[in-house]
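In my numbering, the protein residues as written are 61 to 272.
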Amino acid sequence: MLDGSGTVVLPQPQLQEMIERCARAELNVCLHAIGDGAVRRALDALAAHRNAWSGWRPRIEHAQCVHPKDMARMARTGVIASMQPIHAVADRAIADAMWSRVTQNAYAWRALERAGVRLAFGSDAPVETADPLAGIDAATSWRKRAMWHPELALTRASARKAYTSGAAYAAGMEDDLGSLRPGKLCDLTVVDGHGVVATVAGGRLTWRRKRA
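Set out below in structure tokens:
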């Protein structure tokens, strides 16, 4: 953390060297950073490599606490926030206990979106449930129900985008996945209310819920 707490896993010179080697080899990097200090160190190391190559998709995994000054910087350097909304539900108690002074910057999906950061959502399964509906609920209405910094909640449209086109872009597969467009792969899940009613893979119906 920027306050000096927490654990540094990789010394900064080694982090910078690793990113330099990846950029030269046209390999993408996904940096695991949770605290605001770790996120800043990741951005410091990535800053010199903006647009390193045509498929450059640098990601910060988790990015659970980001200092406001680093949000705009994250957007400028093209760094993707690869986040798992369900973590906010599971971690709220420990965040309140350990990060009481910075929870307004924690799991800050809406603030990052406003700053222009591209969001890519996932589940972190098997640590958390793989159910994207639970993740969408966490990113949208849960904060309001829990009254925990509700201003950081996303709209449902933004949450869906992060789980679909945002995730596809982060993987460098935006030409094939992430939206329903002619020529793209047709794998989708059909949802009615809070339940899955059908799945389609390769443009073919592969499962359908039986009527009661």
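C-beta atoms are modelled at their ideal positions from N, C-alpha and C, and glycine is treated no differently. In this text the structure is predicted, and so the values were computed from the model without any measurement.
DSSP beta-bridge partners of residue 125 = Counting from one through the sequence shown, the residue named residue 125 turns up at place 65. Its beta-bridge partners are 166.
Three-state class that DSSP yields for residue 225 in the structure shown = In the sequence shown, counting from the first residue as 1, residue 225 sits at position 165. In the structure shown, residue 225 sits in a helix (DSSP, three-state: H, G or I).
Coarse secondary structure for residue 106, derived from DSSP in three states | What you label residue 106 is simply residue 46 of the sequence shown in a count that begins at 1. If DSSP states are grouped into helix, strand and coil, residue 106 belongs with the helices.
Report the three-state DSSP secondary structure of residue 62 (helix, strand or coil).
-> By one-based count along the sequence shown, residue 62 stands at place 2. Collapsing the DSSP output to three states places residue 62 in coil.
Do the stretch 258 to 272 and the stretch 143 to 150 make contact, defined as three or more Cβ pairs closer than 8 Å?
-> No, because fewer than three Cβ pairs between the stretch 258 to 272 and the stretch 143 to 150 fall closer than 8 Å, the two stretches do not touch.
Bridge partner(s) assigned by DSSP for residue 120 | Indexing the sequence shown from 1 puts residue 120 at position 60. In the DSSP output, where bridge partners are listed per residue, residue 120 has 91, 141.
CB-CB length for residue 213 against residue 221, believed under 8 Å | Locating residue 213 in the sequence shown gives position 153, where the first residue counts as 1. Locating residue 221 in the sequence shown gives position 161, where the first residue counts as 1. At roughly 14 Å, the Cβ-Cβ gap does not stay under 8 Å, so residue 213 and residue 221 are not in contact.
Hey, is residue 217 close to the ligand ATP, as in C-beta under 7 Å from one of its heavy atoms?
-> With respect to the ligand ATP, the structure shown offers nothing to examine, as it has no ligands at all.
Is the beta carbon of residue 126 sitting closer than 8 Å to the one on residue 89?
-> Position 66 of the sequence shown, counted from the start, is the residue given in the question as residue 126. Position 29 of the sequence shown, counted from the start, is the residue given in the question as residue 89. For residue 126 and residue 89, no; Cβs fall outside 8 Å.
Inter-stretch contact at 8 Å, needing at least 3 Cβ pairs: the stretch 152 to 163 / the stretch 190 to 197 | Three or more Cβ pairs closer than 8 Å define a contact, and the stretch 152 to 163 falls short of that threshold against the stretch 190 to 197.
Span separating the alpha-carbon of residue 233 from that of residue 270 = Here residue 233 refers to the residue found at position 173 when the sequence shown is read from its first residue. Here residue 270 refers to the residue found at position 210 when the sequence shown is read from its first residue. Note on geometry: alpha-carbon atoms of residue 233 and residue 270 lie some 33 Å from one another.
Would you please verify whether the beta carbon of residue 111 is less than 8 Å from any beta carbon of chain D?
-> Reference to chain D is not applicable here, since this structure consists of a single protein chain.
Per-residue burial, residue 131 [other beta carbons within 10 Å of its own, 16 or more giving buried] | As a working note, residue 131 is residue 71 in the sequence shown. With 16 or more other Cβ atoms inside 10 Å of its own Cβ, residue 131 counts as buried.
Go ahead and pull the three-state DSSP assignment for residue 180.
-> Within the sequence shown, numbered from 1, the residue matching residue 180 stands at position 120. It is a strand residue.
Alpha-carbon to alpha-carbon, residue 113 and residue 70 = Residue numbering aside, residue 70 sits at position 10 when the sequence shown is read from its first letter. Residue numbering aside, residue 113 sits at position 53 when the sequence shown is read from its first letter. Approximately 24 Å between the Cα atoms of the pair.
Straight-line gap, residue 68 to residue 107 (C-alpha atoms, nearest Å) = If you number the sequence shown from 1, residue 68 lands on position 8. If you number the sequence shown from 1, residue 107 lands on position 47. Between residue 68 and residue 107, the C-alpha separation is close to 19 Å.
CA-CA distance, residue 115 and residue 227?
-> Here residue 115 is taken as the residue at index 55 of the sequence shown, counted from 1. Here residue 227 is taken as the residue at index 167 of the sequence shown, counted from 1. Cα-Cα distance, rounded: 14 Å.
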